[in-house]
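Here the sequence shown is numbered in the numbering used here, starting from 2 and rising by one per residue. We put the CB at the ideal spot given by N, CA and C, even for glycine.
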Amino acid sequence: MRDIRLTLLLVEDNPGDALLVRTALEDASLPLVEMIHVKTLHEAIERLKKGGIDLVLTDLGLPDSYGFDACARLCKNEANVPVVVLSGRSDPVIRQEGLRLGAKDFLDKHKLGREQIVSVLCHSTTLQKMGEVSGEVSG
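Here it is as structure tokens:
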């Protein structure tokens with residue numbers, strides 16, 4: 002049986018918030034999760050093109066994008082990698098807009114902890130795998 006490894010691409014320009022995500026992952030004791038951290042939308046798009054990413058966790062306030070631009074562009078990635086929005090604002094309108102643009106989930110930075118990170122990793126990657134299986138069966 003092979004190890005199942007998950008590669009998470011974190012798109013976050015704030016070092017403190019990036020540390021928050023890394024700490025939540027460490028607290029969750031997920032040794033098979035590798036986190037790659039980039040600080041801009043451009044870096045994220047370039048990294049996605051290289052492949053090997055299972056989930057994107059993105060902030061909305063990036064230095065090279067405005068508002069929901071990062072979410073919209075990342076959700077349209079060719080590899081069909083699921084995207085989860087990470088925001089310091091828990092406004093339901095922000096959550097709904099992110100989901101409307103194609104994000105699979107939404108995480109509030111102020112409530113981010115072990116349980117939330119495990120839940121989003123399991124939920125988002127399970128949905129992705131189910132979609133792949135569905136495509137194989139119907140295709």
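Beta-carbon separation of Val12 and Leu63 under 8 Å?
Here residue 12 is taken as the residue at index 11 of the sequence shown, counted from 1. Here residue 63 is taken as the residue at index 62 of the sequence shown, counted from 1. It is a contact, given that the beta carbons lie within the stated cut-off.
What is the rounded straight-line gap between the Cα of Lys40 and the Cα of Leu7?
Position 39 of the sequence shown, counted from the start, is the residue given in the question as residue 40. Position 6 of the sequence shown, counted from the start, is the residue given in the question as residue 7. Straight-line Cα distance between these residues: approximately 20 Å.
Give the straight-line distance between the Cα atoms of Arg34 and Leu9, rounded to the nearest whole angstrom.
To locate residue 34, count along the sequence shown from 1; it is residue 33. To locate residue 9, count along the sequence shown from 1; it is residue 8. The sequence given here has Val at residue 34, not Arg. Rounded to whole angstroms, Val34 to Leu9 spans 7 Å at the Cα level.
Under 7 Å Cβ to Cβ from Ala19, same chain only, skipping five residues before and after it: list those, please.
Counting from one through the sequence shown, the residue named residue 19 turns up at place 18. Hits under 7 Å: Leu11, Glu13 and His38.
Using the beta-carbon count (16 or more within 10 Å), is Cys72 buried or exposed?
Mapped onto the sequence shown, residue 72 falls at position 71. Under this definition Cys72 is a buried residue.
Could you tell me the alpha carbon to alpha carbon distance between Ala145 and Gly114, rounded to whole angstroms?
Residue 145 cannot be examined here, being either before or after the span of the chain that is shown, 2 to 140.
Take the Cβ of Pro16 as the centre, count every other Cβ of all protein chains shown within 10 Å, and call the residue buried at 16 or more, exposed below.
Position 15 of the sequence shown, counted from the first residue, corresponds to residue 16. Classification for Pro16: exposed.
CA-to-CA distance, Leu108 to Leu102, given in whole angstroms:
Indexing the sequence shown from 1 puts residue 102 at position 101. Indexing the sequence shown from 1 puts residue 108 at position 107. So the alpha carbons of these two residues sit roughly 15 Å apart.
Residue range of the beta strand (DSSP E) that includes Val85
The sequence position of residue 85 within the sequence shown is 84, counting from 1. Residues Val84 to Ser88.
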